[in-house]
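Numbering (the UniProt record's numbering), first residue to last: 1 to 199. Have a look at the structure below before the remarks.
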């Protein structure tokens, strides 16, 4: 089953979104969907003939994906709980310079919720090591979901987690390297987050 399908134009190597009738040499179209069977998102990049089909223009300035994070439990357990999954952080999407890879990052409006920034300069993280990030209110970290954005939008990792030991003042935030080779952290920024105002 397809879930949350989306079809939109995107300009190569530009962050600003496009009207849905956009066309040109540097414009590609993205067809994105989530498959219920695999619990993964998939996308295809191609061209679109606007003469043979009509779409009403969208006045938004950027393309935003609204993701749904499924539970990893069985359907039976989901029915017993009465729910399954939560809304992920909305993401802006654009194409890299090659026009072949879809990049994504949290929407810029998330910055309105940032406070108490912790900023690290370049560091080497040795294989098998971890470093604690001190200065953010880790006790307010959502204990059911972790979203990480890296590589300028090349990699987004989202995972549902349910810790039993990291509760309240026992919660800590770490960066870690489970590999054997050293990893260079070019920069790291972390913030405490204000509560979102929903109207």
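The beta carbon of each residue, even a glycine, is placed where N, CA and C say it ideally should be.
Counting along the chain, the unbroken alpha helix (DSSP H) around residue 77 starts and ends at 75-81.
One Cα belongs to residue 129, the other to residue 149, and the distance between them is close to 20 angstroms. Positions of the beta strand (DSSP E) runs, each at least 3 residues long and wholly inside the UniProt domain "Glycosyl hydrolase family 32 C-terminal" (141-192), are given as 145-150, 155-160, 174-176 and 183-185 in order along the chain. When the alpha-carbon of residue 187 is set against those of 159, 170, 181 and 125, the nearest one is in 125. With 16 or more other CB atoms across the displayed protein chains lying within 10 angstroms of its CB, residue 94 is buried. Under the three-state reduction of DSSP, residue 12 is assigned to strand. Between the stretch 145-165 and the stretch 77-93 there are three or more C-beta pairs closer than 8 angstroms, enough to call the two in contact.
Within 10 angstroms of the beta-carbon of residue 13 lie fewer than 16 other beta-carbons, which makes it exposed. Residue 113 has no beta-bridge partner at all, per DSSP.
DSSP places residue 108 in the helix class (H, G or I) of the three-state scheme. Membership of residue 66 in any beta strand (DSSP E) is not indicated, and neither H nor E is assigned to it by DSSP. Residue 46 sits in a strand when the DSSP states are folded into three classes. Excluding its 5 nearest sequence neighbours in each direction, residue 96 has C-beta neighbours in its own chain below 6 angstroms: 103, listed in chain order.
Residue 118 is positioned such that its CB atom lies closer than 9 angstroms to that of residue 134.
Taking C-beta atoms as the reference points, residue 99 and residue 23 fail to come closer than 9 angstroms. With 16 or more other Cβ atoms from the protein chains shown falling within 10 Å of its own Cβ, residue 67 counts as buried. The three-state reading of DSSP puts residue 86 in strand, counting E and B together. The three-state secondary structure of residue 194, taken from DSSP, is coil.
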